[in-house]
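Undergrad: Submitted below is the structure of interest, expressed as C-alpha cells.
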Amino acid sequence: MRPEPTKPSTRRLRLISTVVVALVVLSGRAEAQAGPTNMGPIINAAARDAEPTFTTDGNTMYFNCYERGRAGGDICVTRRVSGEWTTPEIVDAVSTAEYDEVEPLLSPDGLQLYIMSARPDGVGSADFWVSDLVDGEWTEPKNLGAPFNSPDMDHCIYFTGPMWEFAYWTSTRPGGYGGNDIWMSERVGGVWQPAVNLGPNVNTAASEHHSLPSPDGRSLYVTAIRADGFGGEDIFVTTRAASGAWGPLVNLGPSVNSARNDRCPAFSPDHSVFYFDSEREGGFGNKDLWFVPYAEVVAATR
Numbered sequence: 010m011r012p013e014p015t016k017p018s019t020r021r022l023r024l025i026s027t028v029v030v031a032l033v034v035l036s037g038r039a040e041a042q043a044g045p046t047n048m049g050p051i052i053n054a055a056a057r058d059a060e061p062t063f064t065t066d067g068n069t070m071y072f073n074c075y076e077r078g079r080a081g082g083d084i085c086v087t088r089r090v091s092g093e094w095t096t097p098e099i100v101d102a103v104s105t106a107e108y109d110e111v112e113p114l115l116s117p118d119g120l121q122l123y124i125m126s127a128r129p130d131g132v133g134s135a136d137f138w139v140s141d142l143v144d145g146e147w148t149e150p151k152n153l154g155a156p157f158n159s160p161d162m163d164h165c166i167y168f169t170g171p172m173w174e175f176a177y178w179t180s181t182r183p184g185g186y187g188g189n190d191i192w193m194s195e196r197v198g199g200v201w202q203p204a205v206n207l208g209p210n211v212n213t214a215a216s217e218h219h220s221l222p223s224p225d226g227r228s229l230y231v232t233a234i235r236a237d238g239f240g241g242e243d244i245f246v247t248t249r250a251a252s253g254a255w256g257p258l259v260n261l262g263p264s265v266n267s268a269r270n271d272r273c274p275a276f277s278p279d280h281s282v283f284y285f286d287s288e289r290e291g292g293f294g295n296k297d298l299w300f301v302p303y304a305e306v307v308a309a310t311r
C-alpha cells in the first residue's frame, strides 16, 4: 500500500526545520573553524615547538623542538606523506645535547640550513651558524661571522630579496634602543654591509624580535610587547615608506594574537599560510605551532 502523500503544509514545515538545523550546524562549524588552527599532536609535543621552515614543495618542515629525548632545544624534521606529517626526528648533524639549537631557516634551494646556537667557539653568547646539504647529509655548522654575529646575542635571522640580498635579525648589540632590537644588512657587490638598526618606530627599550619579511619585502612581521597588545607578546607589522623609513608597528589583531604570548611568524613556501607559535589555550604543550590563512592576516591590517 502506498503511503498517504504528505500534506503541503507539513512538507513546508519539514523543509523549514531542515534548513534551520542545517544553518545551526553550519554556524557551529564556522565558529569552530574560526581563528588559528593548531598543527596537532604529531608536531606539537608537551613542551615547546616553534619556528617552522619548509622546503619549496612544502613537504618537508624543519622546526625547533624540545623534550624529544634531549636537553635543551633541537632542530627537528618532519615530512608530509599522503597528506600527514610524520613523527618528527632530531637532525643530529646540527643539534647538540649540551646547547640550544633553535630558529632554523632553509635557503630557497634547500641546500643550506641556518640556525641559532649558543655552542662554543662563537663570536658572542648566541650566534648564527649555517650547515650545507652535501650528498643528502647536513654538514657540521659553520659560524656565519660578521656583520650578523657580534660579541652580544644575535638570533632570529631572515633573508629577503630575489638573491636573498637583504637580511633582518635580532640583536642585543650596542647602538640600539634597549633589549632586543631589529637590525638589517644589505649585500652589495657580494659583501654584506655593516648592521643598521631599524630605528625607533620599530625598536624600543623593551624587546623586538623575529622580523619576518612579507612576500614583497616591504613589510616585516615583528614580535613585540606594546601597550595596545592583546596580552604578553603579540605579532605586529611595520611597512617601509618610499623614503626607506620603517613605519610604526601595527597589531595584527585577534586573527593571530591572543591573551597569551604569540610569537615567531613564518610562511608556507607559497606564502598562503601564516605560521606562528603560541601559548594560548587549546594546545598540546606550553608552546605550540598554529597557522592561519595569510589572506586573513593581510585583511586584518588594511
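Counting the sequence shown from 1 gives a position; our numbering is that position plus 9.
Ideal Cβ placement from N, Cα and C applies to all residues, glycine included.
1. Based on the DSSP secondary-structure assignment, which residues constitute the bridge partners of Thr-84?
2. Return the Cβ separation of Asn-189 and Glu-217 in integer angstroms, given the expectation that the two are a contact with Cβ distance under 8 Å.
3. State the beta-bridge partners of Met-162 as determined by DSSP.
4. Flag this pair as touching only if the region 128-140 and the region 85-93 have three or more C-beta atom pairs under 8 Å; answer yes or no.
5. Is Phe-175 near Thr-181, with beta carbons less than 8 Å apart?
6. Per the DSSP calculation, Gln-121 is bridged to which residue(s)?
7. I need the DSSP call for Ala-127, collapsed to helix, strand or coil.
8. Have a look at Arg-196 and Asp-225 and give me their C-alpha separation to the nearest angstrom.
9. Indicate whether at least one CB of chain B lies closer than 8 Å to the CB of Arg-57.
10. Compute the Euclidean distance between the alpha carbons of Asp-66 and Asp-297, then round it to the nearest angstrom.
11. If we ignore side chains and look at the alpha-carbon of each, how far apart do Gly-256 and Thr-248 end up?
12. Please name the residue or residues paired with Val-90 in a DSSP beta bridge.
13. Across which residues does DSSP place Arg-272 in a beta bridge pair?
14. Considering Cα atoms alone, identify which of Glu-290, Trp-138, Trp-178, Cys-74 is closest to Glu-60.
15. Should the region 90-98 be regarded as contacting the region 107-121, the criterion being three or more beta carbon pairs within less than 8 Å?
16. Does the separation of the CB atoms of Leu-258 and Ala-275 fall below 8 Å?
TA: The relevant details are as follows:
1. The sequence position of residue 84 within the sequence shown is 75, counting from 1. For the record, residue 84 in the displayed sequence is Ile; it is not Thr. According to DSSP, which records beta bridges pairwise, Ile-84 is partnered with Asn-73.
2. Position 180 of the sequence shown holds residue 189. Position 208 of the sequence shown holds residue 217. The pair is a contact, with the Cβ atoms about 6 Å apart (cut-off 8 Å).
3. Counting from one through the sequence shown, the residue named residue 162 turns up at place 153. DSSP output for Met-162 lists Ala-135 as bridge partner(s).
4. no
5. The residue you call residue 175 lines up with position 166 of the sequence shown. The residue you call residue 181 lines up with position 172 of the sequence shown. Not in contact: Phe-175 and Thr-181 (Cβ atoms no closer than 8 Å).
6. Reading the sequence shown from its first residue, position 112 is the one you call residue 121. For Gln-121, which the question treats as bridged, DSSP gives the partners Asp-141.
7. Translated into positions along the sequence shown, residue 127 becomes position 118. Residue state, collapsed to three classes: coil.
8. Along the sequence shown, one-based indexing puts residue 196 at 187. Along the sequence shown, one-based indexing puts residue 225 at 216. Roughly 18 Å between the two C-alpha positions.
9. You won't find chain B in this structure, because it holds only one protein chain.
10. Residue mapping note: residue 66 aligns to position 57 of the sequence shown, counting from 1. Residue mapping note: residue 297 aligns to position 288 of the sequence shown, counting from 1. Rounded to the nearest angstrom, the two C-alpha atoms are 23 Å apart.
11. The residue you call residue 256 lines up with position 247 of the sequence shown. The residue you call residue 248 lines up with position 239 of the sequence shown. Cα to Cα, Gly-256 sits roughly 5 Å from Thr-248.
12. As a position in the sequence shown, residue 90 is number 81, starting the count at 1. In DSSP, Val-90 forms a bridge with Glu-93.
13. Counted from its first residue, the sequence shown places residue 272 at position 263. Asp-286, per the DSSP bridge assignment.
14. In the sequence shown, the residue the question calls residue 60 occupies position 51. Looking at the Cα atoms, Cys-74 is the closest of the given residues.
15. For the pair of segments examined, the region 90-98 was found not to touch the region 107-121: the number of CB pairs separated by less than 8 Å stays below three.
16. Position 249 of the sequence shown, counted from the start, is the residue given in the question as residue 258. Position 266 of the sequence shown, counted from the start, is the residue given in the question as residue 275. It is not a contact, given that the beta carbons lie outside the stated cut-off.
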